[in-house]
Amino acid sequence: HSIKNPFEQAKSAKYALLEKLSEAPVWQRLRLGRFPLGHAAFFPDVGDAHRLSDPASPSVLIGDQNDLQALSEWVTKAFKFWSASDSGARAVIGQNGVRAFVGIFARDVTTRPLVSARLKEEEEKRIELTDRQAGILALLQRQRRVMIAGGAGTGKTLIAKEKAVRLAGEGMRVLMLCYNRGLADYLREQCDEVEGLDVATFHQVCEHWVRRVMAETGADLMAEARQAYPGADLYNELMPVALSNAIDHRGGIYDAIIVDEAQDFADDFWLPVEMLLTDPEAGLLYVFLDENQDIYRRSTSIPVQGEPLVLDRNCRNTAAIHDAAYLYYRGGPVLQSAIVGAPVESLIAPTLELQAKRIGQLITRLTQTEGVAAHDIAVLLCNARNRETCEKYLRQCQLPRAIELGRIEDYGPNGLTVDTVARFKGLERAVTIVWEFGECDPERDRETLYVGLSRAKSLLYVCGTKEACAAVFGRI
2 HSIKNPFEQA
12 KSAKYALLEK
22 LSEAPVWQRL
32 RLGRFPLGHA
42 AFFPDVGDAH
52 RLSDPASPSV
62 LIGDQNDLQA
72 LSEWVTKAFK
82 FWSASDSGAR
92 AVIGQNGVRA
102 FVGIFARDVT
112 TRPLVSARLK
122 EEEEKRIELT
132 DRQAGILALL
142 QRQRRVMIAG
152 GAGTGKTLIA
162 KEKAVRLAGE
172 GMRVLMLCYN
182 RGLADYLREQ
192 CDEVEGLDVA
202 TFHQVCEHWV
212 RRVMAETGAD
222 LMAEARQAYP
232 GADLYNELMP
242 VALSNAIDHR
252 GGIYDAIIVD
262 EAQDFADDFW
272 LPVEMLLTDP
282 EAGLLYVFLD
292 ENQDIYRRST
302 SIPVQGEPLV
312 LDRNCRNTAA
322 IHDAAYLYYR
332 GGPVLQSAIV
342 GAPVESLIAP
352 TLELQAKRIG
362 QLITRLTQTE
372 GVAAHDIAVL
382 LCNARNRETC
392 EKYLRQCQLP
402 RAIELGRIED
412 YGPNGLTVDT
422 VARFKGLERA
432 VTIVWEFGEC
442 DPERDRETLY
452 VGLSRAKSLL
462 YVCGTKEACA
472 AVFGRI
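With this note's numbering as the guide, the letters of the sequence shown map in order to residues 2 to 477.
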């Protein structure tokens with residue numbers, strides 16, 4: 002391949018360096034006289050570059066593969082050549098000249114990646130970790146009823162969804178159940194095109210079956226349940242009874258049922274869940290749970306024998322977020338993620354209104370400067386009592402116009418979620434701001450704090466008064 006003359010390039014570069022030095026005030030202040038200035042050429046891939054020498058380019062100025070093992074010797078020879086060839090160059094650059102040269106041509110420059118770039122890198126690493134967690138799927142192939150337990154971020158929902166998709170792909174009729182509507186909506190969207198797979202909350206299933214029986218037979222099973230059990234709780238007792246009666250009318254229709262968030266299922270939920278199977282004895286039932294997320298204070302009587310399979314590595318949260326959330330975890334050891342992540346940060350202000358301003362400033366910086374998408378951010382309130390007030394103050398902040406504040410149901414492009422920790426169970430965001438925990442007690446509200454802190458994948462902020470942060474998050 003034809004190339005430019007390397008010696009002419011080196012010579013041209015030499016004079017360009019000299020011109021740049023002469024223009025620099027720091028160099029001018031040294032008042033150096035004429036000093037030796039030279040050039041040379043090195044060919045690391047050539048075995049015998051000395052054949053390239055000519056009167057204008059003597060061999061002493063040519064380095065090749067043979068000189069790689071003794072670079073300092075070669076450089077010294079080149080320097081000696083130029084020092085001897087220009088007897089008029091008497092000045093010595095010295096240490097001050099070297100420092101000036103480095104400052105002009107090789108000064109230290111630091112930069113940092115945008116937060117959005119770091120989030121992307123961490124997400125790629127997170128996918129690798131969750132792929133490993135999914136190895137437990139192989140253990141489910143030979144078992145018909147299994148309980149899988151794990152702390153926040155250990156991949157329970159991921160594995161549950163993947164198992165449901167695989168069973169539906171095998172031609173089974175599959176139901177994936179959970180407790181929170183927000184999680185059900187998210188999973189339904191993810192599995193929208195999977196034939197044979199239904200996704201719903203337990204109470205959505207109750208409503209669907211009761212309406213269907215009424216349409217087919219005219220029987221009002223909810224009214225019958227109220228009459229049979231006056232004063233009973235609607236969601237924990239009456240709706241499960243109505244669902245059981247509806248299944249008695251029509252019979253079970255599912256070959257497999259997968260339950261996520263099982264810790265939130267009341268005892269009366271499990272009978273109709275089993276009845277939904279076409280074969281209650283041999284049908285597949287996989288139950289995923291985290292006992293530390295029992296923020297609804299349920300007691301459970303799960304119809305699965307034996308000890309649960311345990312997921313013991315956090316593959317969602319960074320190590321920094323893991324350390325914060327797992328301060329409130331009770332159970333067997335769960336290993337940190339390999340993703341170190343940024344430290345948890347506190348946003349401290351004395352009033353809700355000023356706290357909202359701090360949050361607004363953070364959101365503006367993340368979205369406008371750091372390139373983070375608004376829908377990757379969630380503001381979670383530990384205390385639902387002041388939700389409307391918190392939302393009002395946030396809306397008064399000067400947020401970027403494109404951002405639309407909304408609740409879980411409003412998730413979409415440019416939509417920033419503002420909701421309670423309880424409603425956000427089972428969901429996650431790249432960035433989470435935990436707020437309004439001033440009345441939380443670290444022991445009494447341990448599960449709420451555990452859930453709220455563990456929803457963030459990469460960046461976690463806590464916002465409150467100095468005293469509240471010290472009381473609840475002082476150990477972070």
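Glycine is no exception: its CB is placed at the ideal position from the N, C-alpha and C atoms. All figures in this text were calculated on a predicted structure; none of them were measured in a lab.
- Put simply, the backbone Cα of Glu448 is about 13 angstroms away from that of Arg424.
- Thr202 is a Cβ neighbour of Arg182, given a cutoff of 7 angstroms.
- With a 10 Å radius around the Cβ and a threshold of 16 neighbouring Cβ atoms, Asp280 comes out exposed.
- When the five nearest sequence neighbours on each side are left out, the beta carbons in the same chain lying within less than 6 angstroms of the beta carbon of Arg146 are those of Leu286, Val305, in order along the chain.
- Between Trp271 and Ile248 the beta-carbon gap is near 13 angstroms, outside 8 angstroms, which marks them as no contact.
- Between the alpha carbons of Gln228 and Asn246 lies a distance of about 14 angstroms.
- Excluding residues up to 5 positions away in sequence, Ala375, Ile378, Ile404, Leu406 lie with their Cβ nearer than 6 angstroms to the Cβ of Leu417 in the same chain.
- Cβ contact annotation for Gly252 (same chain, cutoff 8 angstroms, sequence separation greater than five): Thr279, in chain order.
- Nearest in C-alpha terms to Pro414, of all of Ser338, Val373, Pro443, is Val373.
- For the options Leu38, Phe82, Leu31, the alpha carbon positioned closest to that of Pro59 is the one of Phe82.
- Between Glu371 and Ser117, the C-beta gap is smaller than 7 angstroms, which places the two residues in contact.
- In its chain, beyond the 5 residues on either side, Ala350, Cys464 have a beta carbon closer than 6 angstroms to the beta carbon of Gln356.
- Excluding residues up to 5 positions away in sequence, Ile63 lie with their Cβ nearer than 7 angstroms to the Cβ of Leu53 in the same chain.
- The three-state secondary structure of Thr368, taken from DSSP, is helix.
- Spatial neighbours of Glu437 in its own chain (CB-CB distance under 7 angstroms, excluding positions within 5 residues in sequence) are listed in chain order as Leu382, Cys383, Asn384, Asn387, Cys391.
- A residue is called buried when at least 16 other Cβ atoms come within 10 angstroms of its Cβ; Leu138 does not meet this threshold and is exposed.
- For the pair His250 and Leu176, the Cα-to-Cα distance works out to about 19 angstroms.
- The Cβ atoms of Phe36 and Ala92 lie closer than 7 angstroms to each other.
- The DSSP assignment places complete alpha helix (DSSP H) segments of no fewer than 4 residues inside the segment 218–292 at 222–229, 240–251, 271–276, in order along the chain.
- With a threshold of 16 other beta carbon atoms within 10 Å, Lys393 falls short and is exposed.
- Counting only the Cα atoms, Gly307 lies some 37 angstroms from Glu410.
- As the crow flies, the alpha-carbon of Val335 is around 19 angstroms from that of Val345.
- For Phe44, the enclosing beta strand (DSSP E) stretches over residues 42–44.
- For Lys458, the enclosing beta strand (DSSP E) stretches over residues 457–465.
- Scanning Ala85, Ile322, Ala17 for the CA closest to the CA of Ala457 turns up Ile322.
- If you look at Ile160, you'll find it in the alpha helix (DSSP H) that goes 157–170.
- Where Cys179 is concerned, there is no enclosing alpha helix (DSSP H), although the beta strand (DSSP E) around it starts and stops at 175–179.
- Secondary structure of Gly39 (DSSP, three-state): coil.
- The secondary-structure analysis by DSSP pairs Arg314 across a beta bridge with Leu336.
- Distance from Glu123 to Ile340 at the Cβ level is roughly 5 angstroms; contact confirmed, criterion being Cβ atoms closer than 8 angstroms.
- Excluding the 5 residues flanking it on each side, Thr421 has same chain C-beta neighbours closer than 6 angstroms at Leu382, Ala385, in chain order.
- In the structure shown, the three-state DSSP call for Asp49 is coil.
- Nearest Cα to Gly154 within the set Asp49, Glu468, Tyr451: Tyr451.
- By the CB criterion at 7 angstroms, Ala431 and Ser459 fall inside the cutoff.
- In the structure shown, Leu428 falls within a coil segment according to DSSP collapsed to helix, strand and coil.
- Collapsing the DSSP output to three states places Val200 in a strand.
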